[in-house]
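Number of protein chains: 2
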Amino acid sequence: MARWEPDARGRLQQAALDLFAEQGFETTSVAQIAERAGVTERTYFRHHADKREVLFAGSEDLEELVVAGVRGAADGVSHLEALVGAFASAQDFFDERRAFVVARHQVLAASRELRERELAKLAALAAALAAALRARGATPVTASLLGDVGVAVFATAFESWVVDGGSLAAQVRDVARELAQAIHDDTSVGER
Amino acid sequence: MARWEPDARGRLQQAALDLFAEQGFETTSVAQIAERAGVTERTYFRHHADKREVLFAGSEDLEELVVAGVRGAADGVSHLEALVGAFASAQDFFDERRAFVVARHQVLAASRELRERELAKLAALAAALAAALRARGATPVTASLLGDVGVAVFATAFESWVVDGGSLAAQVRDVARELAQAIHDDTSVGER
DNA sequence: CGATCGATGTCAGTCACTGCCATCACCTTC
DNA sequence: GAAGGTGATGGCAGTGACTGACATCGATCG
Chain A
127 MARWEPDARG RLQQAALDLF AEQGFETTSV AQIAERAGVT ERTYFRHHAD
177 KREVLFAGSE DLEELVVAGV RGAADGVSHL EALVGAFASA QDFFDERRAF
227 VVARHQVLAA SRELRERELA KLAALAAALA AALRARGATP VTASLLGDVG
277 VAVFATAFES WVVDGGSLAA QVRDVARELA QAIHDDTSVG ER
Chain B
127 MARWEPDARG RLQQAALDLF AEQGFETTSV AQIAERAGVT ERTYFRHHAD
177 KREVLFAGSE DLEELVVAGV RGAADGVSHL EALVGAFASA QDFFDERRAF
227 VVARHQVLAA SRELRERELA KLAALAAALA AALRARGATP VTASLLGDVG
277 VAVFATAFES WVVDGGSLAA QVRDVARELA QAIHDDTSVG ER
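As they're listed, the protein sequences go chains A and B.
One gets the working numbering by counting positions in the first sequence from 1 and adding 126 to each.
One gets the working numbering by counting positions in the second sequence from 1 and adding 126 to each.
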C-alpha cells in the first residue's frame, strides 16, 4: 500500500477549482486548498509554482497540440489557414473536458489576477506559434503578428464555444473569416 | 513650507525604476524603494496598488490618448486606418519620454512578473479600443478582434522603435501594411 | 539486509500587502 | 484668531504567499 494517496497534483487542482468557485480566488488560502486535498501547504508549492498556477496545469499540453498542428500543416497551406486548422484540431481536447473547462473559465472570469495569468499563457502560446510559423517560412514580424492574431481569433471563438456550445472548429473558422473580411475591407477602403 | 517634499508619487516611480534596473525586480523590496524615495513602505502602498504597478502609472494617459484618436477619426476612414492613425498620433507621447520609456522597457523585459502586468495593461487597451470601434459602427466581434490586432501591431512597432529609434508613426504604418499583406495573401491563397 | 531515492511533513523566516489609529501642517469658519 | 476640519503621512500589528533546510519513511535496488 502506498504511503500516501496517489495523484496529489490532481487533487490539488480539483480542490482549488472547487474552492475558487465556491468562495472566490482572493478569499481562498493556499492552506485551505492543501487541507481539502489532504496535503500540507508545503506540498502544494512542490506541485504548483504559485497560487494561480494550479489552474493552468494543462496549458503546456494545449500549446504542444496546437504547435504540432501548425508544424504538420502542408506546405501549400497559407499561414493563416495553418493556424486555423491547428486550433480546429484542438476541438477534441476541449470537448473531452467541457465541464472542467467551462467551470474553470467562469472562475478565471471572476478574478483579475487569474485573467492576468491567462494572458501570460496566451502570450506564450502566441510566441510558440510564431516560432512555428517562422519554421515554415514566415518573416519574423509576420510570424509574430500572425501568432497574436491566431490567439485572438481562438480566444474569441473559445468565448462563444463556452457560451453557446457547438463546434469549436467551426467557430474558429467563422471568426477567422470575419477577421479576414474586416482587414480586407479596410485595406480596400484604404486603397481607394 | 510644506510638511513633506512634494511629488512623493513621482519620487517613488523614479526610485523603483532605478532600483529595478540596478539590481532587478525580484531582489528589490518595496521597503527599499520607499526608503530611497524618502517615505515609508506604508506610503508606497497609498500611491501604488502593488509592487508592479509603480511602473505603469502613465498607462491610463496613453489609453485615453489612443482611444481619443480612434473616436476622432473621420467617418470615411476604415477601422484599421483609424487604429493606425490613433497609434501614430501617440508618437509625441513617446518621443517626449524616450529615455524613460526605453529604460522602463528594459526593466520590463527582464522580469516575467512585470511582463505579465504589461500584458494586462495591453489587454485593457485593446478592450478600450474595441469599445471605441463599436461606437463607430463595428460589430462586437470585429471590434474585439481589431482591438487585439491594433495592439499587436503597436507592440511590434514599439519594439523596433525602442531598438532602432526613428519615427514610431512610420513604423506603425509599416507593420500594419505587413499585417494586411499577410492576411490578404492568406485569404487569396485560401480562395484559389 | 542495507543503501538510496522520492514524495511528503515540519518549521522558521522573508516579504507583499492591509487595517487601524495617531500626527501635524494647512485651510476654513465663525 | 481660536476652534475645528482635511489631507498626506508615520507607526504598528497582523495575514497570507512563498522559500530554504532538514527530518521522515515506504519503496526499490543491489
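From the three backbone atoms N, C-alpha and C, an ideal C-beta is built for every residue, glycine too.
- Message: Which complete beta strand (DSSP E) runs does the stretch 143 to 205 of chain B hold, if anything under 3 residues is left out?
- Response: Counting whole runs of 3 or more residues, the stretch 143 to 205 of chain B contains no beta strand (DSSP E) stretch at all.
- Task: Consult DSSP for B/A236 and reduce its assignment to one of helix, strand or coil.
- Result: In the second sequence, counting from the first residue as 1, residue 236 of chain B sits at position 110. The DSSP-derived three-state label of B/A236 is coil.
- So what's A/E131 in DSSP terms, helix, strand or just coil? The residue given as residue 131 of chain A occupies position 5 in the first sequence. Three-state DSSP puts A/E131 in coil, outside helix and strand.
- Message: Which residues in chain A have a C-beta closer than 9 Å to the C-beta of B/R243? List them in chain order.
- Response: Locating residue 243 of chain B in the second sequence gives position 117, counting from the first residue. The contacting residues are E242.
- Do A/L271 and B/T282 come within 8 Å of each other at the CB atom, strictly closer than that value? Your numbering for residue 282 of chain B matches position 156 in the second sequence. Your numbering for residue 271 of chain A matches position 145 in the first sequence. Going by C-beta atoms, B/T282 is nearer than 8 Å to A/L271.
- Message: Looking at chain B, is there any beta carbon in it that lies within less than 8 Å of the beta carbon of A/H174?
- Response: Along the first sequence, read from residue 1 onward, the residue named residue 174 of chain A stands at position 48. It does not; no Cβ of chain B falls within 8 Å.
- Item | Candidates A/R129, A/G150, A/E148 and A/E161, of which the one nearest A/L138 by Cα | Counting from one through the first sequence, the residue named residue 138 of chain A turns up at place 12. A/L138 has its Cα closest to that of A/E161, out of A/R129, A/G150, A/E148 and A/E161.
- Message: Whole angstroms are fine: how far does the CA of B/G150 sit from the CA of B/A236?
- Response: For the purposes of this step, residue 236 of chain B is taken as the residue at position 110 of the second sequence. For the purposes of this step, residue 150 of chain B is taken as the residue at position 24 of the second sequence. The alpha-carbon atoms of B/A236 and B/G150 are separated by roughly 8 Å.
- Query: chain A beta carbons: is any one of them nearer than 8 Å to that of B/G316?
  - Reply: Along the second sequence, read from residue 1 onward, the residue named residue 316 of chain B stands at position 190. Caution applies to B/G316, whose pLDDT of 44 falls short of 50 and renders its modelled position unreliable; the value that the coordinates give is listed next. Closer than 8 Å to some Cβ of chain A, the Cβ of B/G316 qualifies, so yes.
- Query: In terms of residues, what are the limits of the alpha helix (DSSP H) holding A/S270?
  - Reply: Along the first sequence, read from residue 1 onward, the residue named residue 270 of chain A stands at position 144. Counting along the chain, the alpha helix (DSSP H) containing A/S270 begins and ends at P266 to D290.
- Message: Less than 7 Å between C-beta atoms, sequence neighbours within five positions excluded: which residues of the same chain meet that for A/P266?
- Response: Here residue 266 of chain A corresponds to residue number 140 of the first sequence, with the count starting at 1. Cβ neighbours of A/P266 beyond the five flanking positions: R260.
- Message: By alpha-carbon positions, which one of A/G291, A/V289, A/V288 and A/Q297 ends up nearest to A/G276?
- Response: Walking along the first sequence from the start, residue 276 of chain A turns up at place 150. Minimum Cα distance to A/G276 is reached at A/Q297.
- Cα-Cα, which of A/V180, A/V279, A/G184 and A/I159 is closest to A/R223? Within the first sequence, residue 223 of chain A is the residue found at index 97, counting from 1. It is A/G184 whose Cα lies nearest to the Cα of A/R223.
- Query: With 16 as the cutoff for other CB atoms within 10 Å, does B/D290 come out buried or exposed?
  - Reply: Numbered from its first residue, the second sequence carries residue 290 of chain B at position 164. Looking at its Cβ environment, which holds fewer than 16 other Cβ atoms inside 10 Å, B/D290 is exposed.
- Span separating the alpha-carbon of A/F284 from that of A/V227: Here residue 284 of chain A refers to the residue found at position 158 when the first sequence is read from its first residue. Here residue 227 of chain A refers to the residue found at position 101 when the first sequence is read from its first residue. One alpha carbon belongs to A/F284, the other to A/V227, and they sit about 10 Å apart.
- Message: Pop quiz: B/H173 and B/R135 are said to be a contact at Cβ under 8 Å. What is the actual Cβ separation, rounded to whole angstroms?
- Response: Within the second sequence, the letter at position 47 stands for residue 173 of chain B. Within the second sequence, the letter at position 9 stands for residue 135 of chain B. Right, the Cβ-Cβ distance comes to about 4 Å (below 8 Å), so this counts as a contact.
- Query: If you draw a straight line from the alpha carbon of A/E152 to that of A/V203, how long is it in whole angstroms?
  - Reply: Position 26 of the first sequence holds residue 152 of chain A. Position 77 of the first sequence holds residue 203 of chain A. One alpha carbon belongs to A/E152, the other to A/V203, and they sit about 46 Å apart.
- Message: Mapping the DSSP letters down to three states, classify A/A216 as helix, strand or coil.
- Response: If you number the first sequence from 1, residue 216 of chain A lands on position 90. Coil, per DSSP.
- Using DSSP with H/G/I as helix, E/B as strand and the rest coil, what is A/G263? The residue you call residue 263 of chain A lines up with position 137 of the first sequence. The answer is coil: DSSP assigns A/G263 none of H, G, I, E or B.
- In chain A, what lies closer than 7 Å to B/S270 by C-beta? Walking along the second sequence from the start, residue 270 of chain B turns up at place 144. Contact annotation for B/S270 against chain A: T282 [CB-CB distance below 7 Å, chain order].
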